[in-house]
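Per mature numbering (1 follows the signal peptide of the UniProt record, and there is no 0), the sequence shown runs over residues -20 to -1, 1 to 310.
Note that CB positions come from ideal geometry on N, CA and C, so glycine has one too.
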Amino acid sequence: MPSLRRRAISLGLGSSLLLAAGGCNRSSREPIKFATNPWPGYDPLYVARDRGFFEEVGLDVTLVDLTSLGASRRAFERGQVDGCGATLVEILLTADQSGTRPQISAVVDYSNGADVLVGEPRMSGPAGLRERRVAIEPGTLHIQLLALALASVKLSIRDVILVPMPQNAMPNAFAEGLVSAAVCFPPESNRILEAGGKVLFHSGQVPGQVIDTLVFDGAFVNRRGSDVPAFVAAYYKAVALMASQPDEAHAIMARRENMSVAELRQTLAGMHFVSRTEQPALLAPGGPVERSLNELQGAMMALAQLRQAHNLKDFLIAREFLAADFGVLA
């Protein structure tokens, strides 16, 4: 099973977004370029493309296939794409290190057990990691899950020894005793468990906090604001197809992931697709996403990965959507 590298909104929006449309015909505009990396949370975009859902909402969309979240982030920061799939890690890094203003248009999924911290079998939990070597892939959500795991036992990132490496190198590093634990997801996590590893913590213990989002550049939103909810509407039409015609939708998604439908469904079992109606609770002040962002950036600042702290509201174009749809978060 190949490694996955990842890791609502109605059209009736407030005037601040619609003014950006300027009365232009959508069909006469440049295509929206949106970068993704392999991860099932982004795959409904490919269902939307293949089924013509973008055209149905009047959009011309080019999906840019990249190999990792980091590659998507770099393309986004360089202005090569208008938007990308992103976790909170990419959002914070982009805001901190470039002039791009990432704006969350929707939280599309959260990990519900797929991302795990695995360690030596003698460990009872994350508390056993103090002063131990832990493998993480730099610049990914690995740091987020590790920070959440350590915080659950009142430890911090500074209490462990981080060993950076690509995720696909982790099973061998664990088997050879080079690390005592690793943060990863299938298939590498399965390989470590098969080698005698033990799950010490998983994303299902912090529901709604390890998220994937669709983000757009703030400058793009200012120019073409009304296209953003149309894009998200096409995404959710594809999600609806997953429920009504799962065989067809999953076949498209599995091709995108270069895996079998059975393998795709195994991964889907460890994640939760976020519906439109779940957005307000996740993005509310003091809600799961804000708590996760605060915990994450504390860890990233401790590692000198961020220069300054940010607030969730800085990234929330979705606040406009939610205020229009549900009368909240205004």
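Tell me residue i's beta-bridge partners as DSSP assigns them.
i	result
residue 293	Paired residues: none, contrary to the question.
residue 163	97
residue 13	42
residue 194	65 and 86
residue 182	96
residue 144	116
residue 169	None; residue 169 has no bridge partner.
Residue i: buried (16+ other C-beta within 10 angstroms of its C-beta) or exposed?
i	result
residue 227	exposed
residue 315	Summary: the structure shown does not reach residue 315, with the chain confined to residues -20 through 310, and so no result is reported for it.
residue 197	buried
residue 102	exposed
residue 207	buried
residue 157	exposed
residue 193	buried
residue 297	buried
residue 45	exposed
For the beta strand (DSSP E) holding residue i, just list the boundary residues, first then last.
i	result
residue 134	Per DSSP, residue 134 belongs to no beta strand (DSSP E) and is neither H nor E.
residue 63	63 to 66
residue 251	251 to 253
residue 27	Premise fails: residue 27 lies in the alpha helix (DSSP H), 24 to 30, not in any beta strand (DSSP E).
residue 115	113 to 116
Skipping 5 residues on each side, what residues in its chain have a beta carbon closer than 8 Å to that of residue i?
i	result
residue 168	-18, 147, 148, 150, 151 and 162
residue 20	-17, 89, 233, 237, 244, 247, 248 and 251
residue 82	56, 66, 70, 71, 74, 75, 195, 196, 197, 198 and 295
For residue i, which residues in the same chain have their Cβ closer than 6 Å to its Cβ, ignoring the five residues on either side in sequence?
i	result
residue 200	62
residue 34	28, 41 and 214
residue 22	16 and 65
Could you give the residue range of the alpha helix (DSSP H) that holds residue i?
i	result
residue 209	207 to 224
residue 260	259 to 263
residue 248	241 to 248
residue 49	49 to 57
residue 150	150 to 155
Does the CB of residue i have a neighbour CB from chain B at under 9 Å?
i	result
residue 276	Although the question refers to chain B, the structure presented lacks it and comprises just one protein chain.
May I ask you to check if the CB of residue i is nearer than 8 Å to at least one heavy atom of the ligand FMN?
i	result
residue 137	In the structure on display, the ligand FMN does not appear, and there are no ligands present to speak of.
My assumption, with CB atoms under 8 Å, is that residue i sits in contact with residue j. Please give the rounded CB distance.
i	j	result
residue 191	residue 96	Rounded, the Cβ-Cβ distance is 16 Å, inconsistent with contact.
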